[in-house]
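This report refers to the structure that appears directly beneath it.
Residue numbers (the working numbering), protein chains in the order written: chain A, 148 to 485; chain B, 32 to 416; chain C, 94 to 346.
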């Protein structure tokens, strides 16, 4: 029972990441009609926003280490600590949550720049060419990151307060041994908030309504004389932001490295397809579903029955879905069904 | 010139001369290593085969490295179990990867467009993950599949070949692949390349090839014209999978090793890039693309900052510093950065690849010289239409 | 007289809209049958139901005694029923000659044939046939141009040539002269009336009454999903029902 609950939470965590990436992918595909293979790279860039912000906060000065008295020792002390003492140290401790503030403008800017500079020119070109150019872009972004940050994962810890585990077992009246990392719970909650915010935005704002109408019937919206160009840019920037925020929050769970984007991208594409190309609800549902499935498949009991199932479960599900129900779980009939 | 190219025989003779004389013309550009020449040939085969699918039908597969990997594993197993002779290894590599292509292609081709791309990608990732995990008894996981002295090699034993000490070497009926400083291996690969190119040429210029091009152009119309397009696509998929298997088998024949990283989706991406860079749907384009990429990979990944400083040493110092600073990220470890940049630049500015670029340049030159009857004819025809 | 195409009781709805309701139509062997009707009367839907692009909700379509419903488009083609599309469905990247050679190859090779080692250069018979068909439509001088680069009227004629080269038993023509200049229209009429095409059964959907009355042996009028009249051109001209439903409406346009 405990193990199942833990796996469920793990699955939801993973699923939250898939959902957030898939949400942006679907948004871009549904409205702009663009297949963006660089979307995983945006997730990775988000994670590296956290890394960068942490690095900026911890820019240090070489000072004499007072705690060692019998010889002259030096240590690196962050300027923030030198200037503000404990307050500074606390700010550094909260680097990851604070970097959200840093990531928002950065990711929006990246989104706008990419759409204006590159994606815009590919609306009218074939899906194959879109895939190819964004694939090239993904490699490019990934390699630039590697050039500046190296190939190794960079630990980006969560704040001290939440670095421990929550005793959810005793909270739920189950075994006391059942604990789960606080940060993962926060991450889950945060993802829920973002997903909710995106849906609320699409549902209750005029802008969102136009976007949804565009996903349902792109030609009509084009005919309404609405400034589609500008909206496309904003939609793409939002998609980039959602992926970026997911990346920021995921950094303490998985120390970011330069190829994490690619790993998540392939899975997220599968999620989009399973959920139904162009269906936002489908993307979210499929993201969580596949996350949980993958998590359960990695249990030893399951692996004992079907070895290796944890490695391929997602792809297997995708293949079956695509062959049996091409429009995906929640895709509407005839939409992007080829 | 154009008429000459239309003639299969003339084209094959020319092609063979160019390929077989590679050690001579590769010398001045510093590419005359058997290792590199072999790579040109093998990846050329891979790209030629990929082009038969993507270039002719327009179906973008993101999983062709799977077949390359399957080919390599099969060949190494053939060396282990049957014989160090490369003929059975290569034949088996082609057959087994063909079977894989048949299954994956049959399932993936149920859908088209991006769905097809994603399905092939999903299968490739599945194969890659399995090779790393459950299939370790077959693939030897992360270490990769290698030869050992104790391998049974039943056919060799039957023939009375005894391995005295060390690992046995791959051979073609006794002629070692690494003989003559590796040139034996190259010439063998080159002969296979010529044969592969010939088959590709025949397919391009056959009714079958024409129908594939028509499917790329307008698949719906093909159905109403009376063709069942599925078996056509599947055949193209299997053929290109077999080409990939052949390339994988050759890789293993020259260096009897097989690892799962050969099946990674970035490897699939590389063959797509080769094909596009050269010019997808053209006969020689993919081969050019493979050559260019392998050549520059060789140069760029070997360079480092110190060598860059030397390269730019003829310049004034401040210019030299700037250039070195700009170029450093693109060389050595940064080769992939260059690759990504090339990828984007080609797709954006030159979707037809090098071949299109050459055509544009030659068209421009001919117009400059004012000696372009064909163009004039065409334009006047268009005016009439 | 034998009925080559038999459409009985065909219904098709889109959402709540009755595109076709209980359509009955018999096409006789050798005749040229025109289907006319105001816009949105369901003409194209009817054609799509015959050719396998749409499946009717109920009813049957038999061709030469064989049921056509649920059959794959390529099998319908080989049964001898060939459609010429309204918007040119050609192979824009291929040459005009290739565009016509492909349907000719379909006729010879069937739904699938793996022949990678034949050479197109030696397909003299197919090439000659395609060339002469192109010549019939006076397109032969552009034979090596990309089909995408020729004018719209030429594309329509190419489309016709692609249908004719297959020598179908029944040719379904969806507005074959729409968008053509007057002299091209007349040429097309001549061609459809020519000796070569005389024996071929043809179903024509057409707006242009000049074309309809110069070609059709019989005419059916489709309005709001119903066949309201079938008869010889004279009968249709004088039918008060038709005047009301069709000609009346077109006056309002």
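Ideal Cβ placement from N, Cα and C applies to all residues, glycine included. Only a predicted model underlies this, so the values are computations on that prediction, with no experimental measurement involved.
query                                                                                                                                                                                        : result
Determine the burial state of residue 391 (chain A): buried for a count of at least 16 other Cβ atoms within 10 Å of its Cβ, exposed for fewer.                                              : buried
Spatial neighbours of residue 177 (chain A) within its chain, please: CB distance less than 7 Å, with the 5 preceding and 5 following residues excluded, ordered by chain position.          : 362 and 425
Per DSSP, residue 235 (chain C) is paired with what?                                                                                                                                         : Bridge partners of residue 235 (chain C): none, in fact.
Taking 8 Å as the threshold (C-beta atoms), are residue 291 (chain B) and residue 100 (chain B) in contact?                                                                                  : yes
Kindly indicate if chain C contains any beta-carbon less than 8 Å away from that of residue 416 (chain B).                                                                                   : With a pLDDT of only 38 at residue 416 (chain B), under the threshold of 50, the placement of this residue in the model should not be trusted; the figure read from the coordinates follows. By this cut-off, residue 416 (chain B) is an interface position.
Compare the C-beta of residue 303 (chain B) against all C-beta atoms of chain A and say whether one is closer than 8 Å.                                                                      : yes
Considering only the alpha carbon of each residue, which of A:186, A:150 and A:179 lies closest to residue 414 (chain A)?                                                                    : A:186
Between the segment 270–297 of chain B and chain C, which residues of the former have a C-beta closer than 7 Å to a C-beta of the latter?                                                    : none
So which residues on chain B does residue 186 (chain A) lean against when the C-beta distance must stay under 7 Å?                                                                           : Going along chain B, no residue has its Cβ under 7 Å from residue 186 (chain A), so there is no contact; the nearest lies around 13 Å.
Could you work out which residue in B:344, B:96, B:237 and B:304 is closest to residue 207 (chain C) when comparing CA atoms only?                                                           : B:237
Hey, would you say residue 120 (chain B) sits closer than 8 Å to residue 294 (chain B), going by beta carbons?                                                                               : no
Would you mind telling me which residues of chain B sit closer than 9 Å to residue 454 (chain A), beta carbon to beta carbon, in chain order?                                                : 164 and 165
Please confirm whether residue 378 (chain B) has its beta-carbon closer than 8 Å to some beta-carbon of chain A.                                                                             : yes
I need the straight-line Cα distance from residue 378 (chain A) to residue 358 (chain A), nearest angstrom please.                                                                           : 8 Å
Indicate the three-state DSSP secondary structure (helix, strand or coil) for residue 263 (chain A) in the structure shown.                                                                  : helix
What residue range does the beta strand (DSSP E) around residue 319 (chain C) cover?                                                                                                         : 319–324
Between the C-alpha atoms of residue 193 (chain B) and residue 133 (chain B), what's the straight-line distance to the nearest angstrom?                                                     : 38 Å
To test your reading of the DSSP string, which unbroken beta strand (DSSP E) runs of 3 or more residues are found completely within the segment 234–296 of chain C?                          : 263–267
Give the secondary structure of residue 287 (chain A) by DSSP, where H, G and I count as helix, E and B as strand, and everything else as coil.                                              : helix
Whose Cβ in chain B lies nearer than 7 Å to the Cβ of residue 212 (chain C)?                                                                                                                 : 236 and 237
Residues of chain B with a CB under 9 Å from the CB of residue 448 (chain A): which are they?                                                                                                : Going along chain B, no residue has its Cβ under 9 Å from residue 448 (chain A), so there is no contact; the nearest lies around 16 Å.
Just checking: is the beta-carbon of residue 322 (chain B) within a distance shorter than 8 Å of some beta-carbon in chain C?                                                                : no
Mind listing the chain A neighbours of residue 326 (chain B)? Cutoff is C-beta to C-beta under 8 Å, in chain order.                                                                          : Correct list: empty, because the minimum Cβ distance to chain A is about 19 Å.
Would you verify that the beta carbon of residue 351 (chain B) is, or is not, closer than 8 Å to some beta carbon of chain A?                                                                : no
Hey, how far is the Cα of residue 185 (chain C) from the Cα of residue 390 (chain B)?                                                                                                        : 20 Å
Going by DSSP, which residues form a beta bridge with residue 154 (chain C)?                                                                                                                 : C:100
Along the chain, where does the alpha helix (DSSP H) that runs through residue 201 (chain C) open and close?                                                                                 : 189–202
How many angstroms separate the CA atom of residue 292 (chain C) from the CA atom of residue 282 (chain C)?                                                                                  : 15 Å
Is it the case that the segment 128–146 of chain C contacts the segment 290–305 of chain C, given that we only count it when at least three CB pairs across the two stretches are under 8 Å? : yes
Using only CA atoms, which one of B:367, B:136 and B:372 lies nearest to residue 261 (chain B)?                                                                                              : B:136
If distances are taken between C-alpha atoms only, which option among B:239, B:227 and B:204 comes closest to residue 205 (chain C)?                                                         : B:239
Ordered along the chain, which non-local residues of its own chain (more than five positions away) have a Cβ less than 6 Å from that of residue 454 (chain A)?                               : none
Around the C-beta of residue 406 (chain A), are 16 or more other C-beta atoms found within 10 angstroms, so that it is buried, or is it exposed?                                             : buried
For the alpha helix (DSSP H) containing residue 226 (chain B), list its first residue and its last residue.                                                                                  : 214–235
Determine the chain A residues that contact residue 184 (chain B) at a beta-carbon separation under 7 Å, and present them in chain order.                                                    : By Cβ distance, chain A contributes nothing, its closest Cβ being about 30 Å from residue 184 (chain B), past 7 Å.
Anyone know if the C-beta pair for residue 84 (chain B) and residue 227 (chain B) falls short of 8 Å?                                                                                        : no
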